[in-house]
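Visitor:
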Amino acid sequence: MAGGHPHLLLAVVIAVSLVATGPLVGVDATGPPATDFGDGTASVSDVTVETGELAVTAGRFGTDVDYLRVPAAVVDVESVSGRPRLVYVVAVPALDLSLTEQAVLTSTSTTRLDPDDRGFERGSLANESYDATLTVRVQSFTESTTVYRENVTVEVET
Amino acid sequence: MSAPKSRSAAVLDRETIRVRARAGGRWLFGDRYGLVLWLALLFTLGATWRIGVFITDTYATANTLVALSQGSLAVTEIRYSLTLGSQPGLHRVDGLLYGRNYGQLAVAVPFVWLLEGGSVVVDARLLLAGLWSGLGLLLVDQTSRLPAFDRDRTLTVGSLAVAVLFVGTLLTATDLPRDQLVLAAYQLSTLVAAATAGLVCYRLFTLLHGRRVGLAGGVALGLATPVGFWATLPKRHTFVAMLALATVYAFSVSRHRADGRAALRARAGAYALAGFVTWTHAFEAFFLVATLGVVDVLTARSNSPRQLLVVGLALLAASTPMLATNYAISGNPAEPPRLLPNVGGGEVEFVPDNSSGADGGSDAAGEDSGGPANDGETEGGPPLLAPVLGATAAALSKFDTISRFTVGAVVEGTRVLDDPDRLTAIFVRSGNIQSLNYRVNDFETIELALLEAMPLLGALVAFPVLLLGRARRLVADARAATGVHPGSVSHRRLSPARQTDLLVGALAVVMTVIYLSRLPLHSMLTVRYLHPVVPLAVYGVVRLPAVRDAATRTPRWLAGSYLCSVALGLLVVLGGILTLDLAVGEAVQYHALANLVTATLAGSAVVGRTVVPDRVSARVTAVGLGLPAGFTTAYVLLAALVYFRYGTYAFDLVRVLAGSLPSL
């Protein structure tokens, strides 16, 4: 059947694997959702954040808004057990602002956490600078450990 | 004796089935190229599908679909919700909650049954992967049967590619809760509508200009316009745009057919397709049907009572589901759910103000809008006529609101025409539009003008040049031939193509003007209220002789320049994101500016070819058209992979690939 018809052979293989991994047969082939974390922990050897990049600057290309530019946190993960996650928070209390980026850890790696820059109406930030706190935490159902914390002054450069 | 007989009967049956299937396939797709185009659009547009809610109104309609798939018009379960409690777009009648866009939802119901039924045997996530792979194999099989392809080689290479995709998807697959399948089915239904719009485009242009132009037009609509952007976002726009284009196609067929019965069938089909829109959005349907009616009656070969009766019955039959749904919900066949009191959430969509006076600051959602209370009027009538009389009286009571609303939309819309700044913001350049409330999207300037979202429109600048040339020739001819006035050509004697032009032009103007008073508006992204105009605009581009020339004489240059432009677009924008560290709004505006450059190049190439065809070759036009098309495809891809994040990717392999792209 499949001699000149590789597509038919493939169709059969796909159909069989779908049924085999389905609820009736029960071979589990899917992992937890990429954003789901659980028990476990991770040890972090290094966290790098270019804090000098944290500033409010004018938006470009006709956007005509101001942006709080948020630097990425690059986290070297030495070991992982279970399914913990990294949480990077950039908080500016005076603006009631907390920008967060998360990543679930499943293996040792260098993980880059890069929250979106945050837009503001042009000229709406009254101060010349704001205090911000940058933290990186390892978080799971069983623990929450802060592995990086830095207080930074955000200059408004618009 | 009986065994051979039954065997031959079975063979005959199989043969009959095959013949009928082929006839059905031909009726639907036209030919194998149409089928391949449809499958290819489904496959490619489906690749970046994200299961989730992008615009908050979708919660209400998705919950309505949950109910409808279980046989109830009223929402019985809030399965999808941003927050607990009410959500924008629900309407309350007699203590029950209703959604809207029931026609679009009714079409999505079989998809719900397909996915929920399939998930009994197959894991929900892998069911989607299986459908995608199956679609890929069907595409490979059908493509291999086209004359230009080596069947064996295509089957081998294509099957290998599908195998890689399936295995990759299987190995990276994550759990998808079964309760997400209704939302997935809803998205699948608009994906099918988007691919079908491409197919209708192919059939319309093939009818007018042959297969090459048909294929170019179909691909352009699907991949190089906002139709690709909205394909898996389950709003009404793609659905209405597809039906509006199908209306044009049926109208065009009715003008091309010499056989009177076939022409009448197509003419009735046009009214049925336009009438069916009433079930989804009565306001848009009203203008679609009215414009069709005017152009059709003015240009038809015959308006005999029999012809008008047939088209009238077709329109009535297509509107019946809408009338029945309205009657079942409010007791008034002329009162669609949009006119009913809102439940919380505020104004989220284009709906009339239910309050009778001017802006009195009253909460329109809380107003009693009439409903089924007509006891006094129906009591005295005969029992069988009572419901009909009651419904008619209730319908008439709504005509005032409806007529004020529709006339108001046209009048207010035409007023916008003398506001150049506003028109520029809607059609040409967005940037930061002063009148828009960007707060709702965290001040991200993600609202594009129409030309930025669809730079192929740049080619339309050749139209005035073309028309001027034609007008000059017409006047010169008229002067040469004594007694013939240039304006004396009867509209009934226009060629089928010219009559189709007339309908498309009228529809494009009407469907634009009725929304102008509401634009620009936040969360439009690609000026989505004008979405039904997008296929009509593609029609306009394709009708330009210089564009057709590029598609028929230099198809390889057109395809090659398009593919190179997709790569160039991705390179330019991803390079910009990486080197300039762009925020979301900046990336979208950066892409918009790049699109405007390509629109200018396309316009220049097409005008050049139109004015000085000796100096500007068809190849230059092909490259000029490939650029905006490629950059738009890049926008559609990056919107799904980089710019906008929501929900989960339907296929985890794409999630993994997207994770390796630069983030904003």
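Chains as they are written, first to last, in this note's numbering: chain A, -14 to 143; chain B, 94 to 757. Cβ coordinates follow ideal geometry from the N, Cα and C atoms, glycine included.
(1) May I have the straight-line CA-CA distance separating A:Ala27 from A:Val77, to the nearest angstrom?
(2) Is B:Leu134 buried or exposed, if buried means 16 or more other CB atoms sit within 10 Å of its CB?
(3) Below 6 Å CB to CB, which residues in the same chain sit around A:Ser2 once its five sequence neighbours on both sides are set aside?
(4) Let me make sure I understand the geometry here. Which of B:Val603, B:Gln400, B:Ala573, B:Ala417 has the alpha-carbon closest to that of B:Trp372?
(5) In its own chain, which residues sit with a C-beta less than 7 Å from the C-beta of B:Thr507, not counting the 5 before and 5 after it?
(6) Which same chain residues end up closer than 6 Å to B:Leu269 when comparing Cβ atoms and leaving out the 5 residues on each side of it in sequence?
(7) Quick one, which residues of the region 23 to 49 of chain A are near chain B if we go by CB-CB under 7 Å, in chain order?
(8) Would DSSP call A:Ser114 helix, strand or coil?
(9) Could you name the residues of the region 61 to 84 of chain A whose beta carbon sits closer than 7 Å to any beta carbon of chain B, in the order they occur along the chain?
(10) Leaving out the 5 sequence neighbours to the left and right, which residues in its chain are closer than 6 Å to A:Tyr133 when beta-carbon positions are compared?
(11) Should B:Leu757 and B:Ala676 be called a contact, given that it needs their Cβ atoms to be closer than 8 Å?
(12) Can you list, in chain order, the residues of its chain with a C-beta nearer than 7 Å to that of B:Thr141? Leave out the 5 residues immediately preceding and following it.
(13) Should B:Gly315 and B:Ala288 be called a contact, given that it needs their Cβ atoms to be closer than 8 Å?
(14) Would A:Leu90 pass as an interface residue toward chain B - the criterion being a Cβ-Cβ separation below 8 Å?
(15) Whole angstroms is fine: what's the gap from B:Gly454's alpha carbon to A:Ser129's?
(16) Find out if the Cβ-Cβ distance for the pair B:Val634, B:Val640 is shorter than 8 Å.
(17) Are at least three pairs of beta-carbons, each pair with one atom in the region 285 to 300 of chain B and one in the region 34 to 45 of chain A, less than 8 Å apart?
(18) Answer yes or no: does any C-beta atom of chain B fall closer than 8 Å to that of A:Gly(-11)?
(19) What does B:Asp511 pair with, by DSSP beta-bridge criteria?
(20) Along the chain, where does the beta strand (DSSP E) containing A:Glu86 start, and where does it finish?
(21) What does B:Thr249 reach in chain C if we use C-beta pairs closer than 7 Å?
(22) Answer yes or no: do A:Val34 and A:Glu142 have a C-beta to C-beta separation smaller than 8 Å?
(23) Check whether the Cβ atoms of A:Val55 and A:Val75 lie closer than 8 Å to each other.
(24) With a cut-off of 8 Å on the beta carbons, I'd call B:Ala361 and B:Ala407 a contact; round off their distance for me.
(25) Thinking C-alpha only, which one of B:Gln400, B:Val320, B:Arg585 is nearest B:Arg354?
(26) Would you kindly work out how many angstroms separate the C-alpha atoms of A:Ile(-1) and B:Ser658, rounded to a whole number?
(27) Counting only beta-carbon separations shorter than 8 Å, does B:Gly315 have a partner in chain A?
(28) When you compare each of B:Val603, B:Val597, B:Phe520, B:Phe536 to B:Val620 by their alpha carbons, which one comes out closest?
(29) Looking only at C-alpha atoms, which of B:Pro513, B:Leu357, B:Ala410 sits nearest to B:Ser395?
(30) Is it buried or exposed for B:Asp272, if we count other Cβ within 10 angstroms and need 16 for buried?
(31) Should B:Gly303 be labelled buried (16 or more other beta-carbon atoms within 10 Å of its own) or exposed?
(32) Looking only at DSSP bridge pairs, what is A:Val139 linked to?
(33) Could you spell out where the beta strand (DSSP E) holding A:Asn66 opens and where it closes?
(34) Use the C-beta contact count for B:Arg193: other C-beta atoms within 10 angstroms, 16 or more gives buried, fewer gives exposed.
(35) What residues of chain A sit near B:Val677, judged by a beta carbon separation below 9 Å?
(36) If you measure from the beta carbon of B:Tyr683 to each beta carbon in chain A, is any gap under 8 Å?
Guide: In this structure, then:
(1) If you number the first sequence from 1, residue 27 of chain A lands on position 42. If you number the first sequence from 1, residue 77 of chain A lands on position 92. Taking the straight line from one Cα to the other gives about 27 Å.
(2) Along the second sequence, read from residue 1 onward, the residue named residue 134 of chain B stands at position 41. By the neighbour-count criterion, in which 16 or more other beta carbons inside 10 Å mark a residue as buried, B:Leu134 falls on the buried side.
(3) Reading the first sequence from its first residue, position 17 is the one you call residue 2 of chain A. Cβ within range, chain order: n/a, list empty.
(4) Residue mapping note: residue 372 of chain B aligns to position 279 of the second sequence, counting from 1. Here the closest residue by C-alpha is B:Ala417.
(5) The residue labelled residue 507 of chain B in the question sits at position 414 within the second sequence. So the qualifying residues of the chain are Val606.
(6) As a first step, residue 269 of chain B is located in the second sequence; it is residue number 176 there, counting from the start. Ala217, Arg218.
(7) Gly44, Arg45, Phe46, Gly47, Thr48, Asp49
(8) What you label residue 114 of chain A is simply residue 129 of the first sequence in a count that begins at 1. Secondary structure of A:Ser114 (DSSP, three-state): strand.
(9) Per Cβ criterion, the list is empty.
(10) Locating residue 133 of chain A in the first sequence gives position 148, counting from the first residue. Val32, Val121, listed in sequence order.
(11) The residue given as residue 757 of chain B occupies position 664 in the second sequence. The residue given as residue 676 of chain B occupies position 583 in the second sequence. Cβ atoms of B:Leu757 and B:Ala676: closer than 8 Å.
(12) Taking the second sequence and counting its residues from 1, the one referred to as residue 141 of chain B is at position 48. Answer for B:Thr141: Leu730, Ala733, Leu734, Val747, listed in chain order.
(13) To locate residue 315 of chain B, count along the second sequence from 1; it is residue 222. To locate residue 288 of chain B, count along the second sequence from 1; it is residue 195. For B:Gly315 and B:Ala288, yes; Cβs fall inside 8 Å.
(14) Here residue 90 of chain A corresponds to residue number 105 of the first sequence, with the count starting at 1. The beta carbon of A:Leu90 sits no closer than 8 Å to any beta carbon of chain B.
(15) Here the question's residue 454 of chain B lines up with position 361 in the second sequence. Here the question's residue 129 of chain A lines up with position 144 in the first sequence. Model confidence at B:Gly454 stands at a pLDDT of 33, short of 50, so the residue's coordinates are unreliable; what they give is reported in the following sentence. Their Cα atoms are separated by approximately 50 Å.
(16) By one-based count along the second sequence, residue 634 of chain B stands at place 541. By one-based count along the second sequence, residue 640 of chain B stands at place 547. For the pair B:Val634 and B:Val640, the CB atoms are nearer than the 8 Å cut-off.
(17) no
(18) As a first step, residue -11 of chain A must be located in the first sequence, where it is residue number 4. By this cut-off, A:Gly(-11) is an interface position.
(19) Position 418 of the second sequence, counting from 1, holds the residue named residue 511 of chain B. Residue pairing by DSSP places B:Asp511 in no beta bridge whatsoever.
(20) Along the first sequence, one-based indexing puts residue 86 of chain A at 101. Per DSSP, A:Glu86 belongs to the beta strand (DSSP E) from 82 to 89.
(21) Going by chain labels, chain C is absent from the structure shown, which instead holds the protein chains A and B.
(22) In the first sequence, residue 34 of chain A corresponds to position 49, counting from 1. In the first sequence, residue 142 of chain A corresponds to position 157, counting from 1. Cβ atoms of A:Val34 and A:Glu142: not closer than 8 Å.
(23) If you number the first sequence from 1, residue 55 of chain A lands on position 70. If you number the first sequence from 1, residue 75 of chain A lands on position 90. A contact, by the Cβ cut-off of 8 Å.
(24) For this step, residue 361 of chain B is matched to residue 268 along the second sequence. For this step, residue 407 of chain B is matched to residue 314 along the second sequence. About 4 Å separates the two Cβ atoms, so the contact holds.
(25) Indexing the second sequence from 1 puts residue 354 of chain B at position 261. For the residues B:Gln400, B:Val320, B:Arg585, the minimum Cα distance to B:Arg354 belongs to B:Gln400.
(26) Here the question's residue -1 of chain A lines up with position 14 in the first sequence. Here the question's residue 658 of chain B lines up with position 565 in the second sequence. Cα to Cα, the separation comes out at about 35 Å.
(27) The sequence position of residue 315 of chain B within the second sequence is 222, counting from 1. B:Gly315 does not count as touching chain A.
(28) Position 527 of the second sequence, counted from the first residue, corresponds to residue 620 of chain B. Minimum Cα distance to B:Val620 is reached at B:Phe520.
(29) Working through the second sequence from its first residue, we reach residue 395 of chain B at position 302. Ranked by Cα distance from B:Ser395, the options B:Pro513, B:Leu357, B:Ala410 are led by B:Leu357.
(30) Counting from 1 along the second sequence, the entry for residue 272 of chain B is found at position 179. So B:Asp272 counts as exposed.
(31) Here residue 303 of chain B refers to the residue found at position 210 when the second sequence is read from its first residue. With fewer than 16 other Cβ atoms within 10 Å, it is exposed.
(32) For the purposes of this step, residue 139 of chain A is taken as residue 154 along the first sequence, with counting starting at 1. BP columns for A:Val139 point to A:Tyr115.
(33) Numbered from 1 along the first sequence, position 81 holds the residue referred to as residue 66 of chain A. Checking the displayed sequence, the identity of residue 66 of chain A turns out to be Ser instead of Asn. In the DSSP annotation of this structure, the continuous segment of the beta strand (DSSP E) that includes A:Ser66 starts and ends at 58 to 67.
(34) Sequence index remark: in the second sequence, residue 193 of chain B carries index 100 (1-based). Buried is the call here.
(35) Residue mapping note: residue 677 of chain B aligns to position 584 of the second sequence, counting from 1. Listed along chain A, the residues sitting closer than 9 Å to B:Val677 by beta-carbon distance are Asp101, Asp102, Gly104.
(36) As a first step, residue 683 of chain B is located in the second sequence; it is residue number 590 there, counting from the start. Chain A contact via Cβ: present.
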